[in-house]
Amino acid sequence: MRLKISIKSNGDLRSAINELETIAELGKKEAIEIYEKPKKSDIFHAMKHIFQDQAEVEMISTFDRVDMPIDEILLWVEENLPKVYSGVELFKAYEQLAKVDLFKGRIYRQQYWRFLVYENFFLSFGISESKGKKDKKGFYKYKKPERILKIWLNNQKHAKKNSIAEKFAKKTHVGKRKALSQWNEIKYILKNPKIQKQLKMDEDEINYIMKY
């Protein structure tokens, strides 16, 4: 199989790195094709490309161009996959999703982020290849996974709050539970850039606290 690796020249090499690491990890032979690809893509176009177009290894960069966390992308894929696939191809696609969950779990347990390459591979090319060497014609109405997404976003919100409270508790030598019980008071303190730096808050945590 001849593989193409697309290296972008617009300043963001994440997709190219993902592709190179995937090929290296899976032990494939590669042919490298260099050209510039558009940076952004919306989730609807990305799913249409994965679900309906003929599978190609370069698809592994598809979701890199979507401005959305990979866990949220996974919810979109799970919601819309049965609209397009059926029978054996749907069964094979669910097998790929199981592999995505497997590596996601390993990432969280081991904090080994190179497994993200595998997660991305199975979520994109793996699912697309489940339908065989063909494309799927026709119009499919993709929809936002509203109920599941609300649950996920709410969990993410609480996860950020817990993470910040844990950092604050460790720095001030108080219990995490106490920090959470005093959240309405300490959230104003946490808006201070100097405090944020001392607690080593990441960008997502800072954005979260600044919304209060």
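Position in the sequence shown (first residue = 1) + 318 = the working numbering.
The C-beta atom is built at its ideal place from N, Cα and C for all residues, glycine as well.
1) Along the alpha helix (DSSP H) that carries residue 526, what are the first and last residues, could you check?
2) In chain order, what residues of the same chain lie with their CB nearer than 6 Å to the CB of residue 516, ignoring the 5 residues before and after it?
3) Note down, one range per segment and in chain order, each beta strand (DSSP E) of at least 3 residues found wholly within the segment 349 to 417.
4) Which word fits residue 490, buried or exposed, when buried means at least 16 other C-beta atoms lie within 10 angstroms of its C-beta?
5) Quick check on DSSP: helix, strand or coil for residue 457?
6) Am I right that residue 437 and residue 481 are in contact with their C-beta atoms under 8 Å? What's the rounded C-beta distance?
7) Can you give me the C-alpha to C-alpha distance between residue 432 and residue 503, rounded to a whole angstrom?
8) Whose C-beta lies closer than 8 Å to the C-beta of residue 393 among residues of the same chain, with five residues either side of it excluded?
So, to answer that:
1) 521 to 528
2) Result list for residue 516: empty, nothing under 6 Å.
3) 349 to 352
4) Around the CB of residue 490, fewer than 16 other CB atoms lie within 10 Å, so the residue is classed as exposed.
5) coil
6) Rounded, the Cβ-Cβ distance is 21 Å, inconsistent with contact.
7) 39 Å
8) 463, 466, 467 and 470
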